[in-house]
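Q: Following this message is one structure expressed as structure tokens.
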Amino acid sequence: MLSQEVLKKFESLVGRDRLRTSPEDLQTYAYDAYVLEYLPDAVLFPKTTAEVSQIMKVASTHKISVTPRGGGSGLGGGSLAKKGGIILCFTMMNRIVEINAANRYGVVEPGVVISEFQKEVEKLNLFYPPDPGSATVATMGGAVLMNAGGMRGVKYGVTRDYLMGLEIVLPSGEVMNTGGITAKDVTGYDLTRLLCGSEGTLALVTKIIVRLLPKPKTRRTLQAIYNRIDDAGNTVAKIIEAGIIPATLELMDRMIIKALEDFAHLGLPLDAEAVLLIDVDGDPETVEKQAARVADFCKSQGARDVRVSQSEKENEQLWVARRSAFGAVARLRPTCVIEDATVPVSYLTSAIKRILEISQRNRVQIAVLAHAGDGNLHPLILCDQRDKEEMERVEKAMSEIVDYAMSVGGTLSGEHGIGIAKAKYLPRQLSPTALEMMRAVKKAFDPQGILNPGSFLEYQA
Amino acid sequence: MIARELKEEVYNCIKCGLCLTPCPVYKQLYYEAASPRGKVQLIKSILEGKLEPSKNFHRLLFTCLLCETCTVNCPSGLKVDRLMKAMRAELMDTFGLPWQKQTLFRLLKSRRLLPFFLFWGRAFGDTLLAFMPKGKKLGTIPYSKFPRLNPKALRAQYPEEVKVSQPRGRVLYFTGCATNYLFENVGRSVIDILQNLGVEVILPRGQMCCGLPIFLAGARKMALKNIKKNVELFNRDDVDAIIVDCATCGAALKKEYAHILEEMGENPDGARALGKRVLDISQYLVRFDLAKVLKPMKARVTYHDPCHLLRSQGVKEEPRILLKHIPGVEFVEMAGADVCCGGGGTFQWEHPDVSAGISGNKVKSIKESGAGIVASGCPGCRLQIYGNLGEEAIEVVHPVELLAKALR
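So the sequences go chain by chain: A and B. The working numbering applies: residue 38 is where the first sequence begins, and numbers increase by one. The working numbering applies: residue 24 is where the second sequence begins, and numbers increase by one.
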């Protein structure tokens, strides 16, 4: 609980409208896209760095827990007030400060929604590639603190690869800058990338400088349909091995095909085991050549049908299937848990097979979607969170998926982050020393431990 | 009570947040309780008995345009708007209606009061408006930008059956209050075009307000008589279709009636049968070869999608096809044509700041399109857009008005 004195101080900083404490407001900041919920004591909406700094001064003086939040689309409870205290919600601090075409960078405030920033830069023929599935909801600040990935990861990498610099506010309220606007920068430790993916445990991000690319001139989409999922998996491995770098390489399994057909009637064959959706982009001549080569690969690996789009409009038509996949599957059952264990791409086929086996053995419904090109699996686990017995089986299946990923040199989480959802698996991947090192870093930034308490760092087995 | 099927809906929300950014209200306010996801989660807590339905919650329930954008964007297929509507009805007994709505709805539900109001409104309305302080607004709309009442109700200007020689078709025409009392030119245009095409038009006497403003405010019981009367009057087999020129009335007749009757435990069969035969005027007109009856006119025209036409009824292409049919018309698509105009019936005077923000974006898109005319088949959108256009010399019309103007 916050004292009246503290609430008054907060109110004097942001005003009545941007300090919210009604039961309705607290209830609606108790969740993100994960299943568990935690009530905060208050929600504050800063609009400037100065406000954030002043809020943190009050918070550190009174040792109040602060958890940053953007759009609230996180899948691991990272932005929830696990130990109460205040939620610092950045949705109202959402200006695009600068898009610099000459030096190809952009500066944004943390509350800018990713897809809206992308739209703006594309108007100038520039390109900001990271595109998590939640890009229309998630904020740039959230993307930085969670190091968000997405479908273009296979060619363009993730948020970290575009970060040039940050303005941050330390738990003490002090404002600090990291990195800058130059393409190269080796001055001191790379704190920018340390903060990226820190899940709000180290500092609050108030300004973000990202690198922009020239927008690719053309894009072609290929759709390949397979009778056997193994052949689809092998195609992926072969394409990557051959040195072709597609812009996206997505895989959908039989259950997704069925859900799509029931829901959207796209004309996909129901007896197929997998569909691959592949984008190649770049200069027109290169794209033509690459599209032909990728099509050949698909056929030689046993695709029964390969379609190559001839226009941007046709690209979009082929993408309808992938864009509708999540929705089509999510509506089958009340709850949909999205896993994101990731394996080296050469293990893709065996990973998918293992997941299907785990699904059957535990009697858990799992549809497999994958950013196949970078081995990032998205098993969609369908269940009803009200059914305790079923949820136990879901937990078991998840644990087995994690174990498998570990056994082949993969990772717990490719792009969603640890939060509280995967904290318990952490010791399977990180050594006690590595965890201690992380806790020491945390201490250097946040000696009082007021930022995002209850995060992955505090998990005790 | 909230229907069981709707209660179950709240458990299908996976809280992904894909409804946030498309929500015009959330994009003005930027706090979660104003978003569709937030409201669904609050409704869930209330249905589970974990949260009291407070005054603040009631205010949030009405901080919604019912534009249905969340419903069409929900990957899990949640019918968010229906949940909101049912919840409004559920809380009717606890919170009642503000006096302004009481007055308005009494007027709309009565068959006698409306013509009476038209007479006196016509006699004194203009004088009254002239006394209103200059630049004053009702919600976001300046008084000077309100339309004048029709000199005579539209239905009183025509016989019950508007005959043609050698009829090629026969329709029942649900005129709605806006056309009957405010925008007579829309009704005249509809009848002119249909006569030109050889279609007989029947204007059933005794038709009542569709009731949508009443039941969407939660006062379902108050609207029941209107619903039943209209269902009874328009369920006729001796016509090709029942046509509507108003997006809102269309949404009411096509789907809301059946939903409401069902959720109230009344028999929805009549309403369902009626719903299947109702067509928006644009849906009916695209069946004809209009090229034969139209002469060229020069205009740059854009189109705004009314929520009740696009999302409630799924009508998107038909009005555009009609506009493009007019020779000489240069049709331009504005950015975000499918985004709500911010009107939302009484929303615009309950939340003028939010509404003005949303309308501001719409007006910006319209200006950027370079069009001299905005067409939209909804009287609510028309009021809202015209009211927020400021000094801009841009006309706001119903698509049928342009078609009628282009008749040979």
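All residues carry an ideal CB built from backbone N, CA and C; glycine is no exception. Note that the structure is a prediction, hence the values are computed from the model and not measured.
Please say whether MET115(B) and HIS241(B) have beta carbons closer to each other than 7 Å?
A: According to the sequence as given, residue 241(B) is Gly; it is not His. With contacts defined by Cβ atoms closer than 7 Å, GLY241(B) and MET115(B) form a contacting pair.
Q: In or out: SER171(A) buried (at least 16 other Cβ within 10 Å) or exposed?
A: Answer is buried; the Cβ neighbour count reaches 16.
Q: Just the C-alpha distance for HIS408(A) and GLN407(B), rounded to the nearest angstrom, thanks.
A: 45 Å
Q: Could you give the DSSP three-state label for HIS415(A): helix, strand or coil?
A: strand
Q: Going along the segment 56 to 68 of chain A in order, which residues come within less than 7 Å of chain B, judged by CB to CB distance?
A: ARG57, SER59, PRO60, GLU61, ASP62, GLN64, THR65, TYR66, TYR68
Q: Measuring only between beta-carbons, confirm whether THR44(B) sits less than 7 Å from chain A.
A: Taking Cβ atoms only, chain A reaches closer than 7 Å to THR44(B), which makes this a yes.
Q: Could one say the Cβ of TYR204(B) lies closer than 7 Å to chain A's Cβ atoms, at least one of them?
A: TYR204(B) has a beta carbon lying at 7 Å or more from every beta carbon in chain A.
Q: Tell me which same chain residues have a C-beta within less than 6 Å of the C-beta of ILE164(B), skipping the five on either side of it?
A: GLY410
Q: Between ASN253(B) and chain A, is there a C-beta pair that is closer than 7 Å?
A: No, because no Cβ of chain A sits closer than 7 Å to the Cβ of ASN253(B).
Q: Could you check where the beta strand (DSSP E) with ARG248(A) kicks off and where it finishes?
A: 241 to 248
Q: Applying the criterion that 16 or more other CB atoms from any shown protein chain within 10 Å of the CB defines a buried residue, is MET38(A) buried or exposed?
A: exposed
Q: Is there contact here, the segment 409 to 428 of chain A with the segment 360 to 372 of chain A, by at least three beta-carbon pairs under 8 Å?
A: yes
Q: Just verifying my parser: in three-state terms, what is the DSSP assignment at PHE164(A)?
A: DSSP, reduced to helix, strand and coil, places PHE164(A) within a strand of the structure shown.
Q: Can you pull the DSSP bridge partners for TYR142(A)?
A: Answer is ASN137(A), ARG248(A).
Q: What do you get for SER167(B), buried or exposed, if any count of 16 or more other CB atoms within 10 angstroms of its CB means buried?
A: exposed
Q: Which chain A residues sit within Cβ distance under 8 Å of GLU91(B)?
A: What GLU91(B) touches in chain A: nothing, since even the nearest Cβ is about 16 Å away.
Q: If contacts are defined as beta-carbon pairs under 8 Å, then LEU125(A) and VAL103(A) qualify, I think. What distance do you get, rounded to the angstrom?
A: 6 Å
Q: Could you tell me the alpha carbon to alpha carbon distance between GLY365(B) and GLY446(A), rounded to whole angstroms?
A: Going by the C-alpha atoms only, they are around 53 Å apart.
Q: Since LEU13(B) meets chain A, which of its residues come closer than 7 Å, beta carbon to beta carbon?
A: The first residue shown for chain B is 24 and the last is 431, placing residue 13(B) beyond what the model contains.
Q: Could you please give the first and the last residue of the uninterrupted alpha helix (DSSP H) stretch that includes PRO59(B)?
A: That run of the alpha helix (DSSP H) goes 59 to 70.
Q: Less than 7 Å between CB atoms is the rule here; does SER99(B) satisfy it with respect to chain A?
A: It does; some Cβ of chain A falls within 7 Å.
Q: What does LEU213(A) pair with, by DSSP beta-bridge criteria?
A: For the sequence presented, residue 213(A) should be read as Met rather than Leu. Answer is ILE205(A).
Q: Could you tell me the distance, in whole angstroms, from the CA atom of GLU204(A) to the CA atom of MET213(A)?
A: 6 Å
Q: Would you mind stating whether VAL419(B) and ALA394(B) have Cβ atoms separated by less than 7 Å?
A: no
Q: Tell me whether ILE262(A) sits in a helix, a strand or coil according to DSSP, three-state version.
A: In the three-state reduction of the DSSP assignment, ILE262(A) falls in the strand class.
Q: Roughly how many whole angstroms lie between the Cα atoms of LYS50(B) and LEU308(B)?
A: In a straight line, the C-alpha of LYS50(B) is about 36 Å away from that of LEU308(B).
Q: Anything in chain A within Cβ reach of GLU55(B), meaning under 7 Å, just list it in chain order.
A: THR65, TYR66, GLY109
Q: Do three or more CB pairs link the segment 123 to 136 of chain B to the segment 230 to 250 of chain B at distances below 8 Å?
A: yes
Q: Using a Cβ-Cβ distance cut-off of 7 Å, determine whether CYS373(A) contacts chain B.
A: yes
Q: Taking Cβ positions only, does MET129(A) come closer than 7 Å to chain B?
A: yes
Q: Looking at chain B, which residues of the segment 172 to 203 of chain A have a Cβ within less than 9 Å of any of its Cβ atoms?
A: THR173, VAL174, ALA175
Q: PHE85(B) versus chain A: which residues are under 8 Å apart at the beta carbon?
A: Here the premise fails: no neighbours, minimum Cβ distance about 13 Å.
Q: Can you tell which of PHE169(B), PRO182(B), THR202(B), ASN219(B) has the C-alpha that lies nearest to the C-alpha of LYS315(B)?
A: ASN219(B)
Q: Roughly how many angstroms lie between the CA atoms of ILE245(A) and MET177(A), to the nearest whole one?
A: Answer to the nearest angstrom: the Cα atoms are 8 Å apart.
Q: Out of ILE225(B), ALA270(B), GLU279(B), LYS347(B), point me to the one whose CA is closest to ASN249(B)'s CA.
A: GLU279(B)
Q: Would CYS39(B) count as contacting chain A if we go by Cβ distances under 7 Å?
A: yes
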